[in-house]
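So the sequences go chain by chain: A and B. If you read the first sequence in my numbering, its first letter stands for residue 33, the second for the next number, and so on. If you read the second sequence in my numbering, its first letter stands for residue 33, the second for the next number, and so on. Scroll down for the structure; my scribbles are underneath it.
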Amino acid sequence: MDDTAIKIENLTFFYPSEEEGQAPEDVLSGVDLTVEKGSFTAILGHNGSGKSTLARHLNALLLPKGGSVTVFGMDTRDEELTLEIRRRVGMVFQNPDNQIVSNVVEEDVAFAPENLGIPTPEIRTRVDEALKTVGMYEFRTHAPHLLSGGQKQRIAIAGVLAMRPKCVVFDEPTAMLDPQGRRDVMRIIGRMKKELGTTVILITHHMEEAAMADRVVVMSDGQIAMDGAPGEVFTRVEELEALGLTVPDTVKLMWELRQKGVDVPLDTLDVEECAKALAEHFKKK
Amino acid sequence: MNEPILKTENLTHVYSPGTPFEMTALNGVDLEIRKGEILGIIGHTGSGKSTLIQHLNALIKPTSGRVLLEGRDINESKSAIRQARSRVGLVFQYPEYQLFEETVYKDIAFGPKNMKLSPEEIDRRVREAAGFVGVEELLDRSPFDLSGGQKRRVAIAGVIAMMPEVLVLDEPMAGLDPGGCREIMDNILSYHDKTGAAVVVVTHSMEEAARRADRMVVLNHGTVAMSGAPEEIFARGDELRKMGLAAPVMTELSQRLRALGVELPGTVYTVEQMAAALLELEGGRGRA
Numbered sequence: 033m034d035d036t037a038i039k040i041e042n043l044t045f046f047y048p049s050e051e052e053g054q055a056p057e058d059v060l061s062g063v064d065l066t067v068e069k070g071s072f073t074a075i076l077g078h079n080g081s082g083k084s085t086l087a088r089h090l091n092a093l094l095l096p097k098g099g100s101v102t103v104f105g106m107d108t109r110d111e112e113l114t115l116e117i118r119r120r121v122g123m124v125f126q127n128p129d130n131q132i133v134s135n136v137v138e139e140d141v142a143f144a145p146e147n148l149g150i151p152t153p154e155i156r157t158r159v160d161e162a163l164k165t166v167g168m169y170e171f172r173t174h175a176p177h178l179l180s181g182g183q184k185q186r187i188a189i190a191g192v193l194a195m196r197p198k199c200v201v202f203d204e205p206t207a208m209l210d211p212q213g214r215r216d217v218m219r220i221i222g223r224m225k226k227e228l229g230t231t232v233i234l235i236t237h238h239m240e241e242a243a244m245a246d247r248v249v250v251m252s253d254g255q256i257a258m259d260g261a262p263g264e265v266f267t268r269v270e271e272l273e274a275l276g277l278t279v280p281d282t283v284k285l286m287w288e289l290r291q292k293g294v295d296v297p298l299d300t301l302d303v304e305e306c307a308k309a310l311a312e313h314f315k316k317k
Numbered sequence: 033m034n035e036p037i038l039k040t041e042n043l044t045h046v047y048s049p050g051t052p053f054e055m056t057a058l059n060g061v062d063l064e065i066r067k068g069e070i071l072g073i074i075g076h077t078g079s080g081k082s083t084l085i086q087h088l089n090a091l092i093k094p095t096s097g098r099v100l101l102e103g104r105d106i107n108e109s110k111s112a113i114r115q116a117r118s119r120v121g122l123v124f125q126y127p128e129y130q131l132f133e134e135t136v137y138k139d140i141a142f143g144p145k146n147m148k149l150s151p152e153e154i155d156r157r158v159r160e161a162a163g164f165v166g167v168e169e170l171l172d173r174s175p176f177d178l179s180g181g182q183k184r185r186v187a188i189a190g191v192i193a194m195m196p197e198v199l200v201l202d203e204p205m206a207g208l209d210p211g212g213c214r215e216i217m218d219n220i221l222s223y224h225d226k227t228g229a230a231v232v233v234v235t236h237s238m239e240e241a242a243r244r245a246d247r248m249v250v251l252n253h254g255t256v257a258m259s260g261a262p263e264e265i266f267a268r269g270d271e272l273r274k275m276g277l278a279a280p281v282m283t284e285l286s287q288r289l290r291a292l293g294v295e296l297p298g299t300v301y302t303v304e305q306m307a308a309a310l311l312e313l314e315g316g317r318g319r320a
């Protein structure tokens, strides 16, 4: 069985140049990336690094100018497969307000499966399931515009889940949310991976969120600059800072301490690990 | 302690009163913004932050209560409103969506032009404001050709060009990468440092609110739930979490460390403070 969810080979993309006669600039230049089924990959990069452009290739919203993108064995350049690809790969964007289409929560969640022509009783089941997964079932008859940003984003995620996609691409889903909303969205992503086996691609500026992934890919100037487990990537503090990024605060702290000759590990990605490592160091006297 | 420049007294705002959608967004808020201070206002979505700041330059009127600019009610007359609009500058969330002129220069000049200043003064202010946010080189460009971070800085310059004595920014760093966040924060601080203006930053990110704020106010359900120095606020991590907020990572770390038997002096909320505290501990250990 093939374990590959997404295979990107030598992908090049540019937007048409606005001024005539001017050569367009590559936004992506020669990207190679293979994503395994059921994995959770975070993509980092400064604004303009090409990460959102890359994401939009994963469900054929954009098509390669060079190279290819294959999702679940389907080449995105084949127009006959576009619908099938969009059924498999869902997208969640930054602004929940732009993703809500209906006046009632459950109708909004039903929108995509309805468009897929799924029979009504099946839609009912899927909508209820999706709303339960995101913890918004009790709000099913509410009006989305009266909900908080975090709740709206959960509705948008439920709308994608109701399609039962095999892969979901999140493009900065927490950028507009408060800490509670962010925690909720990250919890849902964790559940999707664990309970539904969904392949998750998360584009984010929040290093703490990226640290929860299995793998971190760093984009810079339309190319992949780093690729590895969070513990590997986030310990390359100086390189990341040179790319306009940061590391989780807990790693930054350990790095500062190590610069001053304190012998502590660098790869403490969360508060818990960091506290344990520090306690161990300071208690052995 | 500096005297207040802007004050709200028992400020209450009710949306759609008398309808089934009636909602009290602010309920008896007393807030003081002092001359030259940096004030952080934090609260979860729906806590009333945006409603509050729109009162600060009379964009919306209180249902009851007052907003006082150096003791004068800003809603008392048309001239008072006009004064408030130029002395209190508001930068909304995602202000880059409000750019509309053909060039960056014209966009920044829009505010000062409306203040009916002389052409020379307008020119001086545009260049000065562009300098604060580092977009001097971009004045002739179309704002729509710029990157997201550049657009946001141009939008902030448009407000700075009015030389407000109180600069209020709603989530100025939302959606920017870490480099962009640092730049915007430095721009805002340089305006503060050079002009002595009061700066109010509305945010739900504790780390950035913590870094330079002199004082913080926490809004919850339309009322002021806490107010004080950052270290006082962050020491109340459990309460913050109950309000849908979070204490800074370093504050949480120091609490975890305490539970594991490593005592640190005082409240720690930035990486620098934490590193310094731990290095001191390390030094003490060496001597022991």
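Beta carbons are placed, not taken as given, at the ideal position from N, Cα and C, and that holds for glycine.
*Closest to Lys81 of chain B by CA distance: which of B:Glu102, B:Thr56, B:Arg104 is it?*
Here residue 81 of chain B refers to the residue found at position 49 of the second sequence. The option with the nearest alpha carbon to Lys81 of chain B is B:Thr56.
*Please check if any C-beta of chain A sits within less than 9 Å of the C-beta of Arg319 of chain B.*
Taking the first residue of the second sequence as 1, we reach residue 319 of chain B at position 287. Legend: pLDDT at Arg319 of chain B = 48, less than 50; position of this residue unreliable, value from coordinates given subsequently. The Cβ of Arg319 of chain B sits no closer than 9 Å to any Cβ of chain A.
*Output, in chain order, the set of chain B residues within a Cβ distance shorter than 7 Å of Gly213 of chain A.*
Position 181 of the first sequence, counted from the first residue, corresponds to residue 213 of chain A. Per Cβ cutoff of 7 Å: Thr77.
*In chain order, what residues of the same chain have a beta carbon less than 6 Å from the beta carbon of Leu234 of chain A, not counting five sequence neighbours either side?*
As a position in the first sequence, residue 234 of chain A is number 202, starting the count at 1. Cβ neighbours of Leu234 of chain A beyond the five flanking positions: Ala74, Phe202.
*Opposite Ser95 of chain B in the DSSP bridges: which residues?*
Indexing the second sequence from 1 puts residue 95 of chain B at position 63. According to the sequence as given, residue 95 of chain B is Thr; it is not Ser. According to DSSP, Thr95 of chain B bridges with nothing at all.
*Could you confirm whether any beta carbon from chain A is found closer than 9 Å to the beta carbon of Pro49 of chain B?*
Counting from 1 along the second sequence, the entry for residue 49 of chain B is found at position 17. For Pro49 of chain B, the answer is no, since every Cβ of chain A falls outside 9 Å of its Cβ.
_Ordered list of beta strand (DSSP E) runs contained in the region 149-237 of chain A, each at least 3 residues_ = Within the region 149-237 of chain A, the complete beta strand (DSSP E) runs of at least 3 residues are 199-203, 231-235.
*At a CB-CB cut-off below 9 Å, which residues of chain B make contact with Asn79 of chain A?*
Within the first sequence, the letter at position 47 stands for residue 79 of chain A. Here the neighbours are Ser179, Gly180, Gly181, Gly207, Leu208, Asp209, Gly211, Gly212.
*Taking the continuous alpha helix (DSSP H) assigned at Ala87 of chain A, which residues delimit it?*
Counted from its first residue, the first sequence places residue 87 of chain A at position 55. Looking at the DSSP string, the run of the alpha helix (DSSP H) that includes Ala87 of chain A is 83-89.
*Interface residues of chain A around Gly276 of chain B at Cβ under 7 Å?*
Your numbering for residue 276 of chain B matches position 244 in the second sequence. The answer, in chain order, is Asp210, Pro211, Gln212.
*Which residues in the same chain have their Cβ closer than 6 Å to the Cβ of Ala229 of chain B, if we skip the five residues on either side of it in sequence?*
In the second sequence, counting from the first residue as 1, residue 229 of chain B sits at position 197. Here the set comprises Glu197, Leu199.
*Under 7 Å between beta-carbons, which chain A residues line up against Ala307 of chain B? List them in chain order, please.*
Numbered from its first residue, the second sequence carries residue 307 of chain B at position 275. What Ala307 of chain B touches in chain A: Leu285, Glu288, Leu289.
*Under 9 Å Cβ-Cβ, which residues of chain B neighbour Ala55 of chain A?*
Numbered from 1 along the first sequence, position 23 holds the residue referred to as residue 55 of chain A. Within 9 Å Cβ-Cβ: nothing; Ala55 of chain A doesn't reach chain B, min ~16 Å.
*asked:* Looking at the strands, I want to know which residues DSSP matches up with Tyr303 of chain B.
replied: Here residue 303 of chain B corresponds to residue number 271 of the second sequence, with the count starting at 1. It should be pointed out that residue 303 of chain B corresponds to Val in this sequence rather than to Tyr. DSSP, once it has assigned bridges, lists no residue as partnering Val303 of chain B.
*May I have the straight-line CA-CA distance separating Val200 of chain A from Val133 of chain A, to the nearest angstrom?*
Within the first sequence, residue 200 of chain A is the residue found at index 168, counting from 1. Within the first sequence, residue 133 of chain A is the residue found at index 101, counting from 1. Val200 of chain A and Val133 of chain A: Cα-Cα distance of roughly 19 Å.
_Just to make sure I have the definition right: I need the residues of chain A whose C-beta is within less than 7 Å of the C-beta of His236 of chain B. Which are they?_
Residue numbering aside, residue 236 of chain B sits at position 204 when the second sequence is read from its first letter. By Cβ distance, chain A contributes Asp210, Pro211.
*asked:* So Glu102 of chain B contacts chain A; which residues on that side make the cut at Cβ distance below 7 Å?
replied: Working through the second sequence from its first residue, we reach residue 102 of chain B at position 70. Residues of chain A passing the Cβ test: none, with the nearest at roughly 33 Å.
*asked:* Is there a C-beta anywhere in chain B that falls below 9 Å from the one on Gln318 of chain A?
replied: This structure cannot settle anything about residue 318 of chain A, because the visible part of chain A is limited to 33 through 317.
*DSSP beta-bridge partners for Thr102 of chain A?*
Walking along the first sequence from the start, residue 102 of chain A turns up at place 70. According to DSSP, Thr102 of chain A bridges with A:Lys39, A:Asp107.
*Any idea what DSSP makes of Arg366 of chain B, helix, strand or coil?*
As displayed, chain B neither begins before 33 nor continues past 320, which places residue 366 of chain B out of reach and without an answer.
*Can you give me, in chain order, the residues of the region 299-316 of chain A that have a beta carbon less than 8 Å from any beta carbon in chain B?*
Under the 8 Å Cβ criterion, the region 299-316 of chain A contributes Val303, Glu304, Cys306, Ala307, Lys308, Leu310, Ala311, Phe314, Lys315.
*State yes or no: is the C-beta of Leu84 of chain B within less than 9 Å of the C-beta of Ile37 of chain B?*
Locating residue 84 of chain B in the second sequence gives position 52, where the first residue counts as 1. Locating residue 37 of chain B in the second sequence gives position 5, where the first residue counts as 1. Against a cut-off of 9 Å, the Cβ pair of Ile37 of chain B and Leu84 of chain B comes out as no contact.
*asked:* So, for Arg319 of chain B: in the same chain, excluding its five sequence neighbours on each side, which residues have a beta-carbon less than 6 Å away from its beta-carbon?
replied: Indexing the second sequence from 1 puts residue 319 of chain B at position 287. Because the pLDDT at Arg319 of chain B is just 48, under 50, the model does not fix this residue reliably, and the value given afterwards should be weighed accordingly. Excluding sequence neighbours, Arg319 of chain B sits near nothing in its chain.
*By the criterion of Cβ-Cβ separation under 8 Å, what are the contact partners of Glu204 of chain A in chain B?*
Locating residue 204 of chain A in the first sequence gives position 172, where the first residue counts as 1. Within 8 Å Cβ-Cβ: Gly207.
*With Ile40 of chain B and His76 of chain B assumed to form a contact (beta carbons below 8 Å), what rounded beta-carbon distance in angstroms separates them?*
Counting from one through the second sequence, the residue named residue 40 of chain B turns up at place 8. Counting from one through the second sequence, the residue named residue 76 of chain B turns up at place 44. In the sequence under discussion, the amino acid at residue 40 of chain B is Thr, which differs from the Ile named in the question. With a Cβ gap of about 20 Å, Thr40 of chain B and His76 of chain B do not count as contacting.
*Could you please give the first and the last residue of the uninterrupted alpha helix (DSSP H) stretch that includes Lys316 of chain A?*
As a working note, residue 316 of chain A is residue 284 in the first sequence. It is not in any alpha helix (DSSP H) - Lys316 of chain A carries neither H nor E in the DSSP assignment.
*Specify the secondary structure class of His87 of chain B as computed by DSSP and reduced to three states.*
For the purposes of this step, residue 87 of chain B is identified with residue 55 of the second sequence, where counting begins at 1. If DSSP states are grouped into helix, strand and coil, His87 of chain B belongs with the helices.
*Proximity below 9 Å, CB of Ala311 of chain A to CB of Val294 of chain B*: Indexing the first sequence from 1 puts residue 311 of chain A at position 279. Indexing the second sequence from 1 puts residue 294 of chain B at position 262. Yes; because the gap between Cβ atoms is below 9 Å, this pair is in contact.
*So Asn89 of chain B and Gly68 of chain B are in contact, right, with Cβ under 8 Å, and what is the actual spacing, rounded?*
As a position in the second sequence, residue 89 of chain B is number 57, starting the count at 1. As a position in the second sequence, residue 68 of chain B is number 36, starting the count at 1. Their Cβ separation, rounded to whole angstroms, is 18 Å, which puts Asn89 of chain B and Gly68 of chain B out of contact at 8 Å.
*Using a threshold of 9 Å, state whether the C-beta atoms of Thr114 of chain A and Lys69 of chain A are closer than that.*
Working through the first sequence from its first residue, we reach residue 114 of chain A at position 82. Working through the first sequence from its first residue, we reach residue 69 of chain A at position 37. Against a cut-off of 9 Å, the Cβ pair of Lys69 of chain A and Thr114 of chain A comes out as no contact.
_Any beta carbon from chain A within less than 9 Å of Met248 of chain B's own beta carbon?_
The residue you call residue 248 of chain B lines up with position 216 of the second sequence. No - not a single Cβ of chain A is within 9 Å of the one on Met248 of chain B.
*asked:* Beta-carbon within less than 7 Å of Lys183 of chain B's beta-carbon, same chain only, minus the 5 sequence neighbours each way: which residues are those?
replied: Walking along the second sequence from the start, residue 183 of chain B turns up at place 151. Excluding sequence neighbours, Lys183 of chain B sits near Glu128, Leu131, Pro175.
*Using a C-beta cutoff of 9 Å, does Pro204 of chain B count as contacting chain A?*
In the second sequence, residue 204 of chain B corresponds to position 172, counting from 1. Output row for Pro204 of chain B: interface = no.
_At the 9 Å Cβ level, is Leu90 of chain A part of the contact set with chain B, yes or no?_
Mapped onto the first sequence, residue 90 of chain A falls at position 58. So no, Leu90 of chain A is outside the interface.
*Given a threshold of 16 other Cβ atoms within 10 Å of its Cβ, counted over all protein chains shown, does Arg313 of chain A qualify as buried or as exposed?*
Taking the first residue of the first sequence as position 1, residue 313 of chain A is located at position 281. Going by the sequence as given, residue 313 of chain A is His instead of Arg. It is buried - the Cβ of His313 of chain A has at least 16 other Cβ atoms within 10 Å.
*asked:* For the ligand HEM, is there any heavy atom lying closer than 8 Å to the beta carbon of Leu88 of chain B?
replied: The model depicted lacks the ligand HEM and carries no ligand whatsoever.
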